[in-house]
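What follows is one structure encoded as structure tokens, with my remarks underneath.
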Amino acid sequence: MKTSLLTFTAGIALAAATAQAEEVRVYNWSDYIDESLLEKFEQETGIDLIYDVFDSNEVLETKMLAGGSGYDVVVPTGTFLQRQIEAGSFQKLDKSKLPNLENMWDVISSRTDKYDPGNEYAINYMWGTTGIGVNVPKIQEILGEDAPIDSWDLVFKPENMEKLAACGVYFLDAPSEMIPAALKYIGEDPDSHDPDVIAKAEPVYMAIRPYISKFHSSEYINALANGDICVAVGWSGDILQARDRAAEAENGVEVAYNAPKEGAQMWFDEMAIPVDAPNPDGAHVFLNFIMDPENMAAASNYVYYANGNKASQAFLADDVIGDPAIYPSEEALENLFTTTPYEPKVQRVVTRLWTKIKSGS
Amino acid sequence: MRRFVLIAIPYLWLLALFLVPFLIVLKISLSDIALSRPPYAPQLDLAAGWEGLKSFFSELDFENFTFLTTDDLYWKAYLSSLKIAAISTALTLCVGYPVAYAMARAPEEWRPTLLMLVILPFWTSFLIRVYSWMGILSNEGVLNQVLLWLGIIDTPLQIMNTTTAVYIGVVYTYLPFMILPIYSALEKLDGSLLEAAEDLGCSRLEAFWLVTWPLSRNGIIAGCFLVFIPTLGEFVIPSLLGGSDTLMIGKVLWEEFFSNRDWPVASAVAVVLLLILIIPIILFQRNEQKQREAEG
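Those protein sequence lines, which keep their order, are chains A and B.
The opening position of the first sequence corresponds to residue 1 in the numbering used here, with each subsequent residue numbered one higher.
The opening position of the second sequence corresponds to residue 1001 in the numbering used here, with each subsequent residue numbered one higher.
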């Protein structure tokens, strides 16, 4: 009772200070922020923060296309951002309210320009690669010391997969990333929108399909960390989080991440403001808060993803800025590819192919 | 007047919660996909008046329904959902009937407690209960650990991410919906009928088959509907417990809606699903009514 009375009085004081209790609703990916930042934001700005999470671009996109999501800040990936901008889902940023924009890193903003010309609608939050996470001791036990953990061979060669199957292999349930990966592996253009080229991914997956335990886009963090599975094709930072959890648990699991040497996809998660956001001013305050170098560094240090903020690099932990799996070298960056959104007809081909692959028939 | 109001209430309910949503879905299923918010066209523009209405109706077509016939994915998914729903209903009946029977035969003072025990799981979130099944069935899960420890198996059983896990999840989740109507039918059963049957020379098994079973038939039918219908469109259980090869229409719907962003085709799939459900139910009820009339 005493506490509730206290909160109540504090609430009144706060309401008096800001004229009205303001709130910002943020919809971000799961396991994607240092949660102490959320409290820090509330304390610094006096704005109530309502923070929800999702684990697939598709779920976010459907909310954006339906409209009236009620969110002020959302975090789509570049290709999805581009399509949603075209559909009229976002409002242009008011750059005068974002002084911290000067901290952003041109290496990244020149790349996100492809999805959001002039970076008019979104700021980069994190970026990363889609690659392979493995439980090293198990893999070496099964495939020997020289197991190709830095190559797509590990998961796309049926001989390897046959041996790994019993131990558990997860793939992302994200066709717009998994199809390009297979195309890159067989030497085709990963960003092809030609249905005939896309169809070439089918035999690659069908050959290994019996050995894949599950297609899922978030469960692999825990499964890999617990030792439930040996291999996960997933997002860089997620796998590095699994590495950390396994190390903390001291359960004999040792996770390593590699962006395959044949070429891996590079993606960018962007923060944008829906066109019907209830509180666009508060959304700008949140974006500016996130672009503060120390805050951005805290987020990266926690989730092991690289960010698009140059100034934050001074505050990054050594095992983040110094890890080539997170911040690849200049040459390694050359080896990464990006993709563009599929047109509706092509998207249907891709989804249908993916359904076929997943159902194995 | 009062009677009219009383009848109007269920009809208003049906109108607001079934017919109106159905018409909205039907409208979307006749539209075309578009890159806009919301992602389909034509939109009904009431401000344009009669002209707007006319152009709206002229642009509707059945293209999405013909599209469903061009790809065998949809038929396979419908059939596989029907199969999973039918098997689950049969399994739930096999498990639920004896439970309901035992409850109805238990001493009267126990019954409220037993009933409570059946309802109790509803107090925990459905999602949490499905997640606990993941903990039980996974390779490192409780079930495999116990079986390994007992030495019954050498390698963990792969139950998680298979259709078996879906059956377990469905039977577990919908069991109360089977037990409750059967229990309520059995509880009302007049015990003297059974005595009479035995007096007239029936064995206990015959008495069960000739008296108890037919008299609990309404409960069985209600229970089967309550299990079959939601299972047919089930999405959560197969996506959490099932493997990628568990093909169900709920999942296909999700993919049309979310991955393809094709609301019109998704709506067409939903309309067909509804027809698949409704037509047999109407036929069944007609048949029942005819039977009743013939008996009466």
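Where a beta carbon is used, it is the ideal one built from N, C-alpha and C, also for glycine.
From the options, residue whose alpha carbon lies closest to that of residue i
| i | options | result |
| --- | --- | --- |
| A/Glu120 | A/Leu101, A/Ala306 and A/Asp48 | A/Leu101 |
| A/Thr338 | A/Glu159, A/Gly128, A/Lys40 and A/Val24 | A/Gly128 |
| B/Lys1083 | B/Ile1249, B/Ser1267, B/Phe1022 and B/Ala1294 | B/Ile1249 |
| B/Ile1024 | B/Glu1295, B/Ala1165, B/Trp1263 and B/Leu1186 | B/Trp1263 |
| B/Asn1218 | B/Pro1230, B/Leu1200, B/Phe1228 and B/Tyr1183 | B/Tyr1183 |
| A/Glu254 | A/Gly263, A/Ile179, A/Cys230 and A/Pro99 | A/Cys230 |
| A/Asn335 | A/Ala199, A/Glu248, A/Lys261 and A/Lys356 | A/Lys261 |
| B/Met1160 | B/Leu1093, B/Glu1295 and B/Leu1240 | B/Leu1240 |
| B/Pro1181 | B/Pro1098, B/Trp1254, B/Ser1259 and B/Gly1169 | B/Pro1098 |
| A/Ile149 | A/Val134, A/Lys138, A/Tyr32 and A/Pro158 | A/Val134 |
| A/Val73 | A/Asn28, A/Lys40, A/Phe54 and A/Lys97 | A/Asn28 |
| A/Ala299 | A/Gly237, A/Trp105, A/Ile198 and A/Ala332 | A/Gly237 |
| B/Leu1274 | B/Leu1193, B/Gly1233, B/Met1103 and B/Asn1260 | B/Gly1233 |
| A/Ala306 | A/Leu49, A/Ser329, A/Phe289 and A/Leu287 | A/Ser329 |
| A/Ile85 | A/Lys95, A/Lys97 and A/Lys114 | A/Lys114 |
| B/Leu1226 | B/Tyr1074, B/Asp1245, B/Ser1088 and B/Thr1066 | B/Ser1088 |
Neighbour-count burial assignment, residue i, 16 or more Cβ in a 10 Å radius
| i | result |
| --- | --- |
| A/Ser359 | buried |
| A/Asp194 | exposed |
| B/Ala1196 | exposed |
| A/Phe156 | buried |
| B/Lys1251 | buried |
| A/Glu177 | buried |
| B/Thr1212 | buried |
| A/Trp235 | buried |
| A/Ala16 | Note that A/Ala16 scores 46 on pLDDT, short of 50, meaning its location in the model is unreliable; the coordinates nonetheless yield the value given after this. With fewer than 16 other Cβ atoms within 10 Å, it is exposed. |
| B/Asp1154 | exposed |
| A/Thr9 | In this prediction, A/Thr9 has a pLDDT of 47, which is less than 50 and means its spatial position is unreliable; what the coordinates show is noted afterwards. A/Thr9 is exposed by the Cβ-count criterion. |
| B/Met1116 | exposed |
| A/Gly68 | exposed |
| A/Glu61 | buried |
| A/Gln347 | buried |
| B/Cys1224 | buried |
| A/Ile251 | Looking at the sequence shown, residue 251 of chain A is not Ile but Asn. Exposed, since its Cβ has fewer than 16 Cβ neighbours within 10 Å. |
| A/Lys214 | buried |
| B/Lys1290 | exposed |
| A/Val94 | The identity of residue 94 of chain A in the sequence shown is Asp, whereas the question assumes Val. By the neighbour-count rule (16 or more Cβ atoms within 10 Å), A/Asp94 is not buried but exposed. |
Span of the alpha helix (DSSP H) around residue i
| i | result |
| --- | --- |
| A/Ile50 | Looking at the DSSP string, A/Ile50 is not in any alpha helix (DSSP H); the run it does join, the beta strand (DSSP E), is Asp48 to Phe54. |
| A/Asn222 | Tyr220 to Asn226 |
| B/Ala1207 | Arg1204 to Ala1207 |
| A/Tyr170 | Run containing A/Tyr170: none in the alpha helix (DSSP H); it sits in the beta strand (DSSP E), Val169 to Phe171. |
| A/Glu162 | Pro158 to Leu164 |
| A/Arg111 | Asp106 to Thr112 |
| A/Val346 | Pro344 to Ser359 |
| B/Thr1231 | Arg1217 to Leu1232 |
| A/Gln84 | Gly78 to Glu86 |
| B/Met1001 | Premise fails: B/Met1001 is in no alpha helix (DSSP H) and is neither H nor E. |
| A/Gln413 | In the structure as shown, chain A begins at 1 and stops at 361. Residue 413 of chain A is therefore absent and cannot be evaluated. |
| A/Val197 | Pro195 to Ile198 |
| A/Ala174 | Element bounds for A/Ala174: n/a, residue is neither H nor E. |
6 Å Cβ shell around residue i - same chain, five flanking residues per side excluded
| i | result |
| --- | --- |
| B/Gly1141 | Gly1135 |
| B/Leu1215 | Leu1189 |
| B/Glu1059 | Pro1042 |
| A/Asp323 | none |
| B/Leu1147 | Ile1153 |
| A/Tyr363 | Residue coverage of chain A in this structure runs from 1 to 361, which leaves residue 363 of chain A outside it and unanswerable. |
| B/Ala1185 | Ser1216, Asn1218 and Gly1219 |
Where the beta strand (DSSP E) containing residue i begins and where it ends
| i | result |
| --- | --- |
| A/Thr62 | From DSSP, A/Thr62 is part of no beta strand (DSSP E) but of the alpha helix (DSSP H) over Asn57 to Ala66. |
| A/Glu23 | Glu23 to Trp29 |
| A/Val134 | Ala122 to Asn135 |
| A/Ala232 | Val231 to Trp235 |
Proximal residues to residue i (C-beta, below 8 Å), its chain only, five neighbours per side dropped
| i | result |
| --- | --- |
| A/Lys2 | Bear in mind that the predicted position of A/Lys2 carries a pLDDT of just 43, short of 50, making it unreliable; the figure below should be weighed with that in mind. No residues qualify anywhere along the chain. |
| A/Asp191 | Pro180, Phe337, Thr338, Thr339 and Thr340 |
| B/Phe1126 | Thr1173 and Val1236 |
| A/Ile198 | Ile179, Leu183, Ser192, Val346, Val349, Val350 and Leu353 |
| A/Glu202 | Leu353, Lys356 and Ile357 |
Chain-order list of residues whose beta-carbon lies under 7 Å from that of residue i (same chain, five-residue window excluded)
| i | result |
| --- | --- |
| B/Ala1041 | Ser1031, Asp1032 and Ala1034 |
| A/Val275 | Gly88, Ser89, Phe90 and Gln91 |
| B/Val1271 | Val1025, Leu1026 and Ser1029 |
| B/Leu1247 | Lys1076, Ala1077 and Ser1080 |
| B/Asn1144 | Pro1156 and Leu1157 |
**Asked** Going along the chain, which unbroken runs of the alpha helix (DSSP H) with 4 or more residues stay wholly within the segment 259 to 307 of chain A?
**Response** 280 to 290 and 293 to 303
**Message:** At 4 residues or longer, what runs of the alpha helix (DSSP H) sit wholly inside the segment 1242 to 1277 of chain B?
**Reply:** 1249 to 1254
**Asked** If you scan the segment 1003 to 1080 of chain B from start to end, which runs of the alpha helix (DSSP H) of 4 or more residues do you find wholly inside it?
**Response** 1020 to 1029, 1049 to 1059 and 1063 to 1070
**Message:** Please give the ranges of any alpha helix (DSSP H) in the segment 1136 to 1162 of chain B, keeping only runs that are unbroken, at least 4 residues long and fully inside the region.
**Reply:** 1142 to 1150
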